[in-house]
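Novice: Take 2 as the starting number for the sequence shown in our numbering and just add one per residue. All C-beta atoms, glycine included, are put in the ideal place defined by N, C-alpha and C.
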Amino acid sequence: MNEDYKELVEYLDGKFTKIESKLDNKADKDVTDKILDNQGEIITKLSSLMQEKAVGDAQDKRKTKVLEIHNKALRTHKILSDQESAEIDGLRAF
């Protein structure tokens, strides 16, 4: 009689192990999918931020250059030369 139960227990143990394995795989897949979705969102947002930073850096450089030209003009002759005016127009910072 003990042998019959032993076989039954082993059989049921094998079945439960397979079911647990399937559940673990499904849970792992769900977690993995959520992680990948979140990473995709993060990469998209990061890309946008990097583009905004590049644009902002370019604008800052142009503004700095315009201020340098104005400061130089004020120190030297207090009026912008034609060349300096053309250079500022080429920057289009404002």
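1) State whether the segment 43-54 contacts the segment 70-80, with contact taken as three or more CB pairs (one from each stretch) at a distance under 8 Å.
2) How do the segment 53-67 and the segment 35-44 stand: do at least 3 beta-carbon pairs fall below 8 Å, yes or no?
3) Rounded to whole angstroms, what's the CA-CA distance from D83 to K62? Just pull it up for me.
4) If you follow the alpha helix (DSSP H) that L92 is in, where does it begin and where does it stop?
5) Where does K19 fall in DSSP's three states?
6) Kindly indicate which residue of E88, Y12 and E21 has the alpha-carbon position closest to the one of T65.
7) Tell me whether M51 sits in a helix, a strand or coil according to DSSP, three-state version.
8) How long is the line joining the alpha carbons of R93 and K27, rounded to whole angstroms?
Specialist: Well, looking at it:
1) no
2) Between the segment 53-67 and the segment 35-44, the count of Cβ pairs shorter than 8 Å is below three; the stretches do not touch.
3) Rounded to the nearest angstrom, the two C-alpha atoms are 21 Å apart.
4) Where L92 is concerned, the enclosing alpha helix (DSSP H) stretches over D83 to L92.
5) helix
6) Relative to the Cα of T65, the nearest Cα in the group E88, Y12 and E21 belongs to E88.
7) helix
8) 57 Å
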